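Worksheet for the structure shown next.
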Amino acid sequence: MSLQTAPMTPNGLAPAVEAPPIIETKDVWKTYRMGDEIIHALHGVSFTIQRNEYIAIVGPSGSGKSTLMNLIGCLDTPTKGEYWLNGKLVSAMDDDELARIRNQEIGFVFQTFNLLPRATALHNVELPLIYSGAPSAERLERAKRALEQVDLAHRMHHRPNELSGGQRQRVAIARALVNNPSIILADEPTGNLDSATSREIMGLLDTLHERGNTIIVVTHEPDIAAYAHRVLTIRDGQIATDTRNRQRLQPATAPPPAL
Ligand SMILES: Nc1ncnc2c1ncn2[C@@H]1O[C@H](COP(=O)(O)OP(=O)(O)O)[C@@H](O)[C@H]1O
Ligand SMILES: [Mg+2]
């Protein structure tokens, strides 16, 4: 038997193993037809996202953020180009397959929380598991655990109108986590929150990222994008910049810097 050693790079370290990206888009186009007018909401968007990245997608109104988010979130498919999510070719899927992959792979967080008003926090969090057919005892257990992850186990029997805005968004984040998705996709998650509560929610997303989740936040607010580790700017349906955020904000419980 011969001893096989890994090839070394010039600095003497073994090369990093290339992990497959969690997301890959290849020359993605989305075209809408409005009467005689053709609108290219996205034209030629290509990027990759690795597991456990924390990304903000920013851009002015009308630049294509929602269109891109609908594609990433498997709510829609591109007119042209490929979208790979977790090794699966989403761009070729029909509506049933899209619904299935969306339920398995994506945890959505919306600006308006989108909770069922008459249902308790626990029931709201349990809902995605009902759609995926998990047995009742397991559903309850997993929903409780997701609420613990957002520090809301003590409010699980409250309805949304008995919770603050920040607590409602925590319930929505627990609901996003409950299926153990590949990515958490948050669309303007702090758009309806005051600035102190926004910091609290961004702190929670930071914690989830540290625990290994992949996070994508769509926002038009530079303050919110500043929490991400990488920022994709979209302009006129194309990626304008793709930058590492070296001076990212440290939310959580860090005190504000002294003046
Ligand atoms: N369903 C649609 N039909 C026609 N045009 C659309 C549709 N959705 C979006 N658009 C157009 O595509 C462009 C990008 O829109 P959108 O993705 O909503 O941008 P953003 O979320 O950044 O504001 C805009 O010009 C918009 O008017
Ligand atoms: Mg939008």
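Take the sequence shown: its letter number 133 is residue 137 in the numbering used here, and every next letter is one higher.
Backbone N, C-alpha and C define an ideal beta-carbon position, used for all residues, glycine too.
Nothing here was measured: the structure is a model prediction, and the numbers come from that model.
By the three-class DSSP mapping on this structure, what secondary structure does residue i have?
i, result
"H264", "Outside the modelled stretch of the chain, which goes from 5 to 263, sits residue 264, for which no answer is possible."
"D31", "strand"
"A45", "strand"
"S242", "It is Gln, not Ser, that sits at residue 242 in the sequence shown. The answer is strand: DSSP assigns Q242 an E or B state."
"A264", "For the chain, the structure presents residues 5 to 263; residue 264 sits outside this window and is missing."
"M38", "strand"
"H136", "According to the sequence displayed, residue 136 carries Ser and not His. Coil."
"R215", "coil"
"D80", "coil"
"L93", "strand"
"D190", "The sequence given here places Ala at residue 190; Asp does not occur at that position. Correct three-state label for A190: strand."
"G170", "helix"
"A230", "coil"
"P259", "Confidence at P259 is low in this model, with a pLDDT of 49, below 50, so the placement of that residue should be treated as unreliable; the coordinate-derived value is given next. Looking at P259 - three-state DSSP - the assignment turns out to be coil, as it is neither helix nor strand."
"G207", "helix"
"L75", "helix"
"S50", "strand"
"A23", "coil"
Using the beta-carbon count (16 or more within 10 Å), is residue i buried or exposed?
i, result
"S168", "exposed"
"Q251", "exposed"
"R143", "buried"
"E101", "exposed"
"G137", "exposed"
"L263", "Low local confidence applies: a pLDDT of 46 at L263 is under 50, so the model's placement there is unreliable, with the coordinate-based value given in what follows. L263 comes out exposed."
"R106", "buried"
"S140", "exposed"
"N183", "buried"
"D227", "exposed"
"K84", "exposed"
"T257", "Low per-residue confidence applies at T257: pLDDT is 49, beneath 50, and the placement is therefore not dependable enough to give any value."
"E57", "buried"
"A96", "exposed"
"Y231", "buried"
For residue i, would you say it is in contact with chain D, using Cβ-to-Cβ distances shorter than 8 Å as the test?
i, result
"C78", "Structure shown: chain D not included; a single protein chain is present."
Worksheet item: Mind listing, in chain order, the residues whose beta carbon lies closer than 6 Å to a non-hydrogen atom of ligand 1?
Response: Y36, M38, I43, A45, G63, S65, G66, S67, G68, K69, S70, T71
Discussion item. Is it the case that the region 236-250 contacts the region 86-95, given that we only count it when at least three CB pairs across the two stretches are under 8 Å?
Written reply: no
Discussion item. When you compare the region 218-225 with the region 183-196, are there three or more beta-carbon pairs, one atom per stretch, that lie closer than 8 Å?
Written reply: yes
Practice prompt. Would you check if the region 195-208 and the region 122-135 touch, i.e. whether three or more CB-CB distances between them fall below 8 Å?
Written response: no
Discussion item. Would the region 116-123 count as touching the region 158-165 if we require 3 or more Cβ pairs under 8 Å?
Written reply: yes
Item to complete: Inspect the CB distances between the region 208-215 and the region 42-51 and report whether three or more fall short of 8 Å.
Response: no
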